[in-house]
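Chains A and B, in that order, give the protein sequences. With the first sequence counted from 1, adding 529 to any position gets you my numbering. With the second sequence counted from 1, adding 1003 to any position gets you my numbering.
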Amino acid sequence: MATGVRAYLDYAATTPMRREAVAAMQPYLSDVFANPSGGHGAARAAKTALEEAREEIAELLGARPDEVVLTAGGTEADNLAVKGGAGAAREAGRPAGVVTTRFEHKGVLAACERLERQGFGVKRVSVDGRGIVDLDALRAALDGDTGLVSVMLVNNEVGTIQPLEEVAALVREHAPRAVLHTDAVQAVPWLDVATAAAPADLVAVSAHKFGGPKGVGALVVRDGVGVTPLIEGGGQEWGLRSGTSNVAGALAMAAALRATAAERAEVGASVAALRDRLVAGLAAAVPDCFFNGDPARKIAGNCHVGFPGVEAEALLVALDREGVCAAAGSSCSSGATEPSHVLDAMGVARADALASIRLSLGAASSAADVETALAVIPDAVERLRPVGAARR
Amino acid sequence: MSAGPVLVAMSGGVDSSVAAALLVEAGHDVTGVTLKLWGGESDSGCCSLGDVEDARRVAAQLDVPHYVFNFADDFEASVVSPYTDDYASGRTPNPCVECNRSMKFGRLLERADALGFEAIATGHHARRRDTGGNYRLLRGADLAKDQSYVLYMLGQRELARTRLPVGELTKAEVRAHAARLGLRTASKPESMDVCFISRSEGRERFLASRVPARPGALVDTSGRAVGRHDGVAAFTVGQRRGLGVATGERRYVLDVDAATATVTIGSRRDLLREDVRVERLSFVAGVAPPTGQAVLVQSRAHGTPVPGMLDGSVVRFAEPRPRVAPGQVVALYDGDTLLGGGIAAP
Chain A
530 MATGVRAYLD YAATTPMRRE AVAAMQPYLS DVFANPSGGH GAARAAKTAL EEAREEIAEL
590 LGARPDEVVL TAGGTEADNL AVKGGAGAAR EAGRPAGVVT TRFEHKGVLA ACERLERQGF
650 GVKRVSVDGR GIVDLDALRA ALDGDTGLVS VMLVNNEVGT IQPLEEVAAL VREHAPRAVL
710 HTDAVQAVPW LDVATAAAPA DLVAVSAHKF GGPKGVGALV VRDGVGVTPL IEGGGQEWGL
770 RSGTSNVAGA LAMAAALRAT AAERAEVGAS VAALRDRLVA GLAAAVPDCF FNGDPARKIA
830 GNCHVGFPGV EAEALLVALD REGVCAAAGS SCSSGATEPS HVLDAMGVAR ADALASIRLS
890 LGAASSAADV ETALAVIPDA VERLRPVGAA RR
Chain B
1004 MSAGPVLVAM SGGVDSSVAA ALLVEAGHDV TGVTLKLWGG ESDSGCCSLG DVEDARRVAA
1064 QLDVPHYVFN FADDFEASVV SPYTDDYASG RTPNPCVECN RSMKFGRLLE RADALGFEAI
1124 ATGHHARRRD TGGNYRLLRG ADLAKDQSYV LYMLGQRELA RTRLPVGELT KAEVRAHAAR
1184 LGLRTASKPE SMDVCFISRS EGRERFLASR VPARPGALVD TSGRAVGRHD GVAAFTVGQR
1244 RGLGVATGER RYVLDVDAAT ATVTIGSRRD LLREDVRVER LSFVAGVAPP TGQAVLVQSR
1304 AHGTPVPGML DGSVVRFAEP RPRVAPGQVV ALYDGDTLLG GGIAAP
């Protein structure tokens, strides 16, 4: 950990690489270095490793190897799914309207905005106050013009798990020709994506959210689903993602995925216990705090908490000064905290949204992290309360 | 000076970079912060990605933490809206003054207090003096770069909790420090523009996008129409250029009446006034100088101070002066010491 860090509570932002992943990629950084697209012996060794990694990733994601498109991360996978899915529908002369939710990751929302500027119809359906997509609104948005539906599996801010089965049933009924994409980037550590994302035609994942390296991800493209590429060139990844393959990255992602899947049940239970201790401790120490996202339908690692009258931006600085790493809203490239579009979509009042922070736990979280957080956060909240602030 | 924790407002420019560096050298527990004030497309201001990155890199070089505070909502309400409203009502606002008042020495100072910082620091060129808990503000050591004028609103409360380390230096010394420390901002050009208006857009287009321009008449002192204009926002009291009226004598804007979209022009003699009424008066010492005390009056950012005196809310000039554009700061000095000031009333 970096100097001064006493409790890392930002696993939803990124995770440390697992030892298995570091070990798996090491030989492919220098020893087995050849371009797997080549025709010689060195290339064949790299190609074999790449395809073995792909097979493993495919199996763990519930896909066939030829349905796995390796990308340079989750945002690229989301962009490929949304732009590529809608683009393929348009090229084929099929309906190409897009339906998504208001609280997707920016990798989906920004791609939708781009499509809108290019003349695609885009509908964004609302989300309820507990952070679950409004299925009635979704039903109303689906029609014969819908070509692509994008609903995330787990929300990145409030951690809520979306009812993908029900979403898929609505799509089959009301927009049978539409392709269903799910951003499963936040799901992998907590859910068996092979099952949970089975109803989707396109599934995006990102290695660094589960102990793999940054800059590596995948999009599952089920057999027969049309996607046009964003990046063209040598035709790697079945023409859907050209560019020299990241062999080491693929190996590391496969190893991280394997280790994550093997420990998922155990880690899920222990992290849920830690998270529950954190929630209970905060609620006891700061009686007027409130929690965002349905507690019964969220992943084990998420605690999204608000402290009335306290500016989240200031609280994060106070916590950082005591070595506690947390997050709020979504970080833009400047590092400024932007008001959360997720909480806005959920109908959380702006003042409450600006008073909320995300504490996210992961496989490496410990009881000491939680105790440190509980020793630091209530005091910081107390110091930052405006004098005479009304308690609820 | 005790070496307590200081929050340094780092714009990504050389002055605030050196301010942070000097405080680090003096042994302070320094934290850098860049204010994100504007969400627009500005390329010239302190909020562009490049400037935030410069500030972040300088902080990293100094091995101090760096944060970005998003004050965009407040900035819009406290600086940008009043700016456009002022122009629309015929005034000539100084948005940097309002930003200092409400952002740097308002919201930032409040947040620094809440976070337990002893003080904030900025890269302003002005000198703070502490004489046993009584604070004074002097013009910057580099008179050509002096910024005490845009800090007229600082009082004892703010000065007690503010550090202005580069005010003791000339600009050349600041750049020399930056070069000595190898700071990446050492030779960065100065920003001279309003930070929320991009160079490519320009003031008039920015204003037109927010307040519909209303064409009107240019009239002379007798009320006779002598020309037309496209909107009062293009005019400032005292302005001589761009009037679009060809006459034998030099003409100046005497008055801007936004209600009727009328701009009155006349000779330099017509522009002269014996006094100016000021609003939002504020004094460094907390109290006004005694009526009749001779003071120096400065009514433009780099204007020459002229003798006068304060009488209630009226500043009287020793000799008639061209009318001060409403909305401009009228700062009062005793020698190089800032006494306070206010905003010129219409």
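Note that CB positions come from ideal geometry on N, CA and C, so glycine has one too.
Out of B:Ala1012, B:Ala1006, B:Ser1019, B:Pro1008, the CA that lies nearest to the CA of alanine 1189 of chain B is found in B:Ser1019.
Per the C-alpha coordinates, the member of A:Lys738, A:Cys818, A:Gln691 positioned closest to proline 728 of chain A is A:Gln691. Scanning the stretch 578-603 of chain A for uninterrupted beta strand (DSSP E) segments of 3 residues or longer gives 597-600, listed from N- to C-terminal end.
Taking a beta-carbon distance threshold of 9 Å, alanine 802 of chain A does not count as an interface residue toward chain B. In the three-state reduction of the DSSP assignment, phenylalanine 1199 of chain B falls in the coil class.
Leucine 1010 of chain B is not a Cβ neighbour of glycine 1030 of chain B, given a cutoff of 9 Å.
Going by DSSP, phenylalanine 1209 of chain B is part of the alpha helix (DSSP H) stretching over 1205-1213.
The beta carbon of valine 732 of chain A sits closer than 6 Å to the beta carbons of Thr711, Ala713, Ala726, Val749 from its chain, once the five residues preceding and following it are set aside; these are given in chain order. Within the model, the alpha-carbon separation for arginine 547 of chain A versus glycine 1143 of chain B is close to 55 Å. At a cut-off of 9 Å, the C-beta of alanine 1216 of chain B has no neighbouring C-beta in chain A.
Rounded to whole angstroms, the separation of the alpha carbons of aspartate 1196 of chain B and glycine 1234 of chain B is 22 Å. At least 9 Å separates the beta-carbon of valine 561 of chain A from that of alanine 582 of chain A.
Neighbourhood of arginine 912 of chain A in chain B, by CB distance below 9 Å: Ala1117, Leu1118, Gly1119, in chain order. Distance from the CA of serine 1316 of chain B to the CA of arginine 1280 of chain B, rounded to the nearest whole angstrom, comes to 6 Å. Per DSSP, the unbroken alpha helix (DSSP H) holding valine 551 of chain A starts and ends at 548-554. Boundaries of the beta strand (DSSP E) around glutamine 1301 of chain B: 1298-1301. Asparagine 608 of chain A has no beta-bridge partner at all, per DSSP.
The beta carbons of valine 1027 of chain B and valine 1067 of chain B sit about 6 Å from each other, so the pair counts as a contact at 8 Å. For glycine 616 of chain A and glycine 626 of chain A, the gap between their C-alpha atoms comes out near 10 Å. Each of A:Asp539, A:Arg535, A:Arg631, A:Arg850 was checked against the Cα of asparagine 831 of chain A, and the nearest Cα belongs to A:Asp539.
Per DSSP, the continuous beta strand (DSSP E) segment holding cysteine 832 of chain A begins and ends at 831-835. Beta-bridge partners of valine 1318 of chain B (DSSP): B:Val1279, B:Leu1313.
The beta-carbon separation of alanine 697 of chain A and leucine 709 of chain A, rounded to 6 Å, stays under the 8 Å limit for a contact.
Assigned with DSSP and collapsed to three states, threonine 901 of chain A falls in helix. Collapsing the DSSP output to three states places proline 1168 of chain B in a helix. Beta-bridge partners of glycine 1230 of chain B (DSSP): B:Leu1221. As the crow flies, the alpha-carbon of glycine 1251 of chain B is around 36 Å from that of proline 1098 of chain B. Taking the beta carbon of threonine 866 of chain A as reference, the chain B residues within 8 Å of it are Val1071, Asn1073, listed in sequence order. Distance check between threonine 604 of chain A and each of A:Ala640, A:Asp817, A:Leu579 places A:Ala640 closest, using alpha-carbon atoms only. According to the DSSP secondary-structure assignment, serine 885 of chain A is paired through a beta bridge with A:Gly835. Nearest to glycine 744 of chain A by C-alpha distance, out of A:Thr543, A:Tyr537, A:Leu759, is A:Thr543.
Annotation: the continuous beta strand (DSSP E) that includes lysine 1039 of chain B extends over 1032-1039. The continuous alpha helix (DSSP H) containing tyrosine 1090 of chain B extends over residues 1084-1091.
Valine 654 of chain A has its alpha-carbon roughly 37 Å from the corresponding atom of leucine 903 of chain A.
Secondary structure remark: continuous beta strand (DSSP E) runs of at least 3 residues inside the stretch 737-774 of chain A, in chain order: 746-750. Shortest Cα-Cα distance from arginine 701 of chain A to any of A:Pro565, A:Asp730, A:Val871 involves A:Asp730.
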